[in-house]
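Read left to right, the sequence shown gives residues 182 to 352 (our numbering).
One structure below.
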Amino acid sequence: MVATLHLPWNIMYKTLFHRPVRRQAMNIIKVDPFRGFDGMFRRMNEIVDEVQRGGLRFEMGDFAPRVDVKDDAKAVIVHAELPGLTKDDVKITLSDDRILTIRGEKKREETTEETSYLRVERSYGSFTRSFNLPENLRTDAVTASFENGVLTITVPKAEPAVPKEQEISIN
Numbered sequence: 182m183v184a185t186l187h188l189p190w191n192i193m194y195k196t197l198f199h200r201p202v203r204r205q206a207m208n209i210i211k212v213d214p215f216r217g218f219d220g221m222f223r224r225m226n227e228i229v230d231e232v233q234r235g236g237l238r239f240e241m242g243d244f245a246p247r248v249d250v251k252d253d254a255k256a257v258i259v260h261a262e263l264p265g266l267t268k269d270d271v272k273i274t275l276s277d278d279r280i281l282t283i284r285g286e287k288k289r290e291e292t293t294e295e296t297s298y299l300r301v302e303r304s305y306g307s308f309t310r311s312f313n314l315p316e317n318l319r320t321d322a323v324t325a326s327f328e329n330g331v332l333t334i335t336v337p338k339a340e341p342a343v344p345k346e347q348e349i350s351i352n
């Protein structure tokens with residue numbers, strides 16, 4: 182049997198300085214103050230990538246045709262989906278600095294008082310799509326066709342320049 186001596190100063194010491202401390206387990210959480218910016222930076226990169234590929238797509242009801250730009254051995258070919266348009270609704274230009282631009286307008290059908298829409302999903306409005314073309318193209322031989330709502334623009338490639346060798350005489 183162990184006897185402990187309870188002197189007054191021992192009791193006071195234990196009650197004042199040795200109180201049990203209640204501790205809670207804490208999870209270690211890594212705090213990243215920039216965590217919320219990840220989505221913003223990702224969206225900004227997507228916008229920059231889209232601009233570099235040929236233009237932004239507008240989501241607010243503006244009509245923006247979907248476009249494929251194909252580079253094959255003989256030409257650069259642009260296919261643009263233009264449903265509901267005719268060739269008279271579209272204008273194509275090619276500037277001196279090799280920027281191909283497709284402009285047009287998809288007009289909304291006229292409605293009467295007797296007509297009301299239950300749902301409208303199609304887009305209307307004017308559009309402009311521009312593309313930077315490579316340097317090795319013959320911009321004087323561009324052709325375009327419009328068939329079944331698809332505009333096809335063909336820009337043939339120039340023949341590669343054959344390096345010429347010239348002999349120089351020594352005087």
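Backbone N, C-alpha and C define an ideal beta-carbon position, used for all residues, glycine too.
A quick note: this is a predicted structure, and the numbers were derived from the prediction, not measured.
Buried versus exposed, by CB contacts within 10 Å (16 or more), residue i
i: Phe308; result: buried
i: Leu263; result: buried
i: Leu266; result: buried
i: Ala261; result: buried
Delimiting residues of the beta strand (DSSP E) encompassing residue i
i: Pro337; result: 331-337
i: Ile273; result: 271-275
i: Ser311; result: 306-313
i: Thr282; result: 280-287
Cut-off 8 Å between Cβ atoms - residues of its own chain near residue i, not counting five sequence neighbours on either side
i: Arg319; result: Val336, Pro337, Lys338, Ala339
Proximal residues to residue i (C-beta, below 7 Å), its chain only, five neighbours per side dropped
i: Phe244; result: Lys287, Ser304, Tyr305, Gly306, Phe308
i: Leu275; result: Leu281, Thr320, Val323
DSSP-derived helix/strand/coil call for residue i
i: Val232; result: helix
Taking 8 Å as the cut-off, does the stretch 278-290 touch the stretch 308-322 (at least 3 CB pairs, one atom from each stretch)? The stretch 308-322, when compared against the stretch 278-290, does touch it at the 8 Å Cβ threshold.
Meets three-Cβ-pair contact criterion under 8 Å: the stretch 294-305 and the stretch 211-228: no
Are at least three pairs of beta-carbons, each pair with one atom in the stretch 327-339 and one in the stretch 255-262, less than 8 Å apart? yes
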